[in-house]
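In our numbering, the protein residues as written are 133 to 986.
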């Protein structure tokens with residue numbers, strides 16, 4: 133017996149030794165060349181980046197995997213225990229591989245095979261092994277993969293703590309419904325943060341790793357409920373839940389926010405042109421990988437209320453222009469099944485139709501039947517799908533209908549509506565009747581910005597983002613027309629002109645290689661000698677060309693480039709009338725520098741970018757507050773202004789004063805004036821009314837509008853910057869300034885010695901200080917350059933003696949010639965002297981097709 137037991141023991145030892153050698157050989161064979169587990173010590177999972185408004189509302193998310201990282205110390209024990217109970221109850225005691233779990237899995241496999249069932253070897257993987265599978269090994273089902281997984285799991289268990297491994301697992305694992313990690317799953321399934329989960333909710337999340345695509349709470353409700361209850365039972369057996377808690381949790385229904393059972397409190401705003409611009413600037417600043425995987429937290433500059441006002445004002449103008457044409461271009465789409473008489477299921481068919489649905493107050497509908505009195509329409513509004521009757525009165529703006537390549541006047545409902553047509557109905561408010569609408573062909577853009585910081589508050593890049601993602605505020609390059617003229621006049625003021633300098637408004641002819649260029653005023657008239665102010669107030673083309681010729685286009689180009697309107701502007705005279713192409717984004721930013729006294733600002737849609745640890749990576753405002761962290765009781769904290777002064781403050785003040793005349797008496801008086809707040813601005817309309825602009829500003833808000841067809845073509849008679857864009861600007865400013873203090877425009881420092889005098893805006897002559905009348909304007913001058921008093925013109929009341937006056941220009945009265953025959957290319961003729969400035973580029977001939985702008 134002794135020899136028998138000795139023999140058995142010896143054989144067992146030899147077998148064990150051979151097993152150990154074989155295991156060592158397997159580990160050596162499969163362990164060689166494995167990925168390094170040390171990569172996981174600096175784990176950085178792909179995380180979604182979120183964009184927040186100033187109020188902290190999530191307005192956009194960018195991600196390849198929807199994941200929010202949760203540090204292990206912030207994950208509640210309830211959630212940890214649920215996953216450990218469901219996946220690896222011995223997690224805190226094994227060394228990466230659970231021998232007992234492996235033995236049980238093998239026993240279940242053998243028993244199943246013995247019973248003739250088709251079973252797979254499952255349940256042997258620990259949480260550590262699953263981490264290695266997810267990160268380094270892959271999902272291939274093979275003995276080789278399991279051995280590699282086990283080898284790496286043991287290595288990882290020796291390199292990281294159990295909590296660190298659990299943190300990797302709970303943040304990386306896929307849990308269905310586009311959810312990566314437990315924090316995202318809690319939001320997606322229950323609309324809660326992790327700390328608010330109840331036991332039955334945590335148990336459902338822990339049930340998902342087994343089969344996330346097969347345990348959907350709606351499609352696979354019964355199976356999901358059974359798996360959830362299994363996890364609850366395991367939590368009880370492992371001592372994590374009491375009997376009463378388990379009974380209460382099992383009695384809870386499986387209810388999630390998927391399918392609309394409950395409202396998700398982390399609602400993301402619908403994509404729009406603003407959030408698209410945020411993404412573009414983020415990618416430019418941080419790179420695409422950081423945006424989609426870096427877990428960035430971005431504070432945007434948007435003010436949602438102003439964004440809504442901007443969108444409403446622009447859409448109203450575009451729709452008004454489109455309706456005035458009286459042309460209905462036909463349905464937005466056609467549902468063929470309904471057109472063939474299959475009206476059942478129209479709601480589902482309408483919901484599947486690819487249509488823009490982001491226009492407030494609009495609802496798409498499908499025509500179900502047409503008779504002599506009208507049509508029956510099925511449409512969806514916020515109250516749900518329903519039917520309604522409409523007639524020709526619904527489309528009282530329609531004078532012509534485009535059908536089958538022809539245009540006809542609608543005389544009966546059948547001329548307008550056909551069964552299966554998908555049309556838009558819209559109304560201004562809930563009490564208004566529904567009326568026929570269509571997405572306009574005309575397009576436009578609007579932008580608003582803080583002129584002191586460059587923070588962009590609103591961007592509307594078109595009528596509808598879902599209809600066209602093209603952002604016409606930032607991406608469309610168009611001719612600015614006369615909205616470019618302030619840069620010419622700013623250059624003139626710096627060159628020695630004053631607001632009352634007389635310039636002749638008379639025909640101009642420029643000889644070119646291909647012919648003669650003869651710009652004209654919008655009115656077709658000539659106004660003779662006029663003060664400089666009137667050139668910008670009434671947008672006089674001929675005066676502007678004469679001024680640009682006199683000061684030199686190199687000086688004008690320098691201004692345009694300094695303010696960011698153009699990168700490399702050619703020296704063409706036609707550019708003085710806005711013949712080049714630029715964006716609304718750049719023009720609004722440039723006007724903001726007029727409004728703030730000539731200081732450089734860089735427009736941005738991003739205030740701050742932080743990484744996943746909360747470290748600031750980018751901040752738009754780099755200024756430091758001195759004394760804010762440890763303030764001195766004897767002195768207030770100071771915020772130093774680091775903006776560069778790119779324009780003489782006196783010139784900026786003079787220009788703003790002149791541009792206020794555009795709103796008060798000039799080309800925008802009728803459509804923009806009358807708001808009772810300090811406003812300045814400039815209209816712009818290009819040849820044949822192909823582009824219409826208005827850009828204006830108050831002391832603390834600058835905004836601009838552009839309207840035109842995407843493929844430029846004439847917009848018709850009466851389509852000017854003032855008539856099309858002026859109302860958009862006025863509507864926006866009226867609502868935006870209702871909650872803002874108007875303030876006042878910056879004035880130069882006292883040591884710059886400016887003086888304000890009264891001037892006759894028709895003649896440019898100085899008036900006595902007590903003069904009153906419709907032509908009296910206050911004008912700013914550098915002290916010593918102001919005009920002297922002359923005999924008071926009739927119509928003004930004055931009790932003071934009036935001295936003689938002359939329009940001084942370099943010490944002598946001067947006007948520009950009536951005819952310009954060719955422009956000097958290598959010098960700039962200026963009042964009071966000539967400057968020999970060599971051009972920085974070789975200019976080409978002035979384009980005949982790009983001059984004569986209004």
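Glycine included, every Cβ here is placed at the ideal spot set by N, Cα and C.
All values derive from a computational prediction rather than experimental measurement.
Check                                                                                                               : Outcome
Contact the region 604-611 vs the region 442-456: 3+ CB pairs below 8 Å                                             : no
Selected residue, minimal CA-CA separation from residue 805, among 356, 350, 855, 819                               : 855
Top-ranked residue by Cα proximity to residue 662, from 637, 502, 680, 681                                          : 637
Rounded straight-line distance, which links the Cα of residue 794 to that of residue 619                            : 15 Å
C-alpha gap between residue 404 and residue 505, whole angstroms                                                    : 40 Å
DSSP state of residue 750 mapped onto helix, strand, coil                                                           : strand
Integer Cβ distance of residue 842 from residue 575, believed to fall under 8 Å                                     : 5 Å
Residue environment, residue 134, which counts as buried when at least 16 other CB atoms sit within 10 Å            : exposed
Inter-residue Cα distance where the pair is residue 717 and residue 875                                             : 24 Å
Residue 567, DSSP secondary structure in three states                                                               : strand
Buried/exposed call for residue 370, threshold 16 Cβ in 10 Å                                                        : exposed
Residue 724, DSSP secondary structure in three states                                                               : helix
Alpha-carbon spacing of residue 865 relative to residue 851, whole angstroms                                        : 21 Å
Cβ pair residue 191, residue 407 closer than 7 Å                                                                    : yes
Terminal residues of the alpha helix (DSSP H) in which residue 316 lies                                             : 314-322
Residue 938 - DSSP class collapsed to helix/strand/coil                                                             : With a pLDDT of only 26 at residue 938, under the threshold of 50, the placement of this residue in the model should not be trusted; the figure read from the coordinates follows. Three-state DSSP puts residue 938 in coil, outside helix and strand.
Cα-Cα separation, residue 680 to residue 542                                                                        : 53 Å
Residue(s) in a DSSP beta bridge with residue 294                                                                   : None; residue 294 has no bridge partner.
Unbroken stretches of the alpha helix (DSSP H), 4 residues or longer, contained in the region 382-442               : 405-418, 420-425
Given residue 697 as reference, the closest of 734, 524, 178 once Cα atoms are compared                             : 734
Segments assigned alpha helix (DSSP H), at least 4 residues, entirely inside the region 850-885                     : 858-868
For residue 450, the nearest candidate out of 477, 431, 491, 463 (CA to CA)                                         : 491
Per-residue DSSP class, three states only, for residue 609                                                          : coil
Sequence-distant residues of the same chain with beta carbon closer than 6 Å to residue 295, five excluded per side : 204
Start and end residues, alpha helix (DSSP H) containing residue 529                                                 : First-last for residue 529: undefined, no H or E at that position.
Proximity below 7 Å, CB of residue 178 to CB of residue 425                                                         : yes
Where residue 134 sits in the DSSP three-state scheme                                                               : helix
Straight-line gap, residue 197 to residue 802 (C-alpha atoms, nearest Å)                                            : 53 Å
Any 3 or more C-beta pairs closer than 8 Å across the region 277-291 and the region 313-321                         : no
Residue 873 versus residue 831: straight-line alpha-carbon distance, rounded                                        : 9 Å
Inter-residue Cα distance where the pair is residue 811 and residue 792                                             : 6 Å
Residue interval of the beta strand (DSSP E) (run including residue 813)                                            : 812-817
Anticipated Cβ contact below 8 Å, residue 482 with residue 510, distance rounded                                    : 7 Å
Same chain, Cβ closer than 6 Å to residue 414, neighbours up to 5 away in sequence not counted                      : 423
Of the listed residues 727, 677, 332, 460, nearest to residue 537 (C-alpha basis)                                   : 460
Residue 861 versus residue 807: straight-line alpha-carbon distance, rounded                                        : 11 Å
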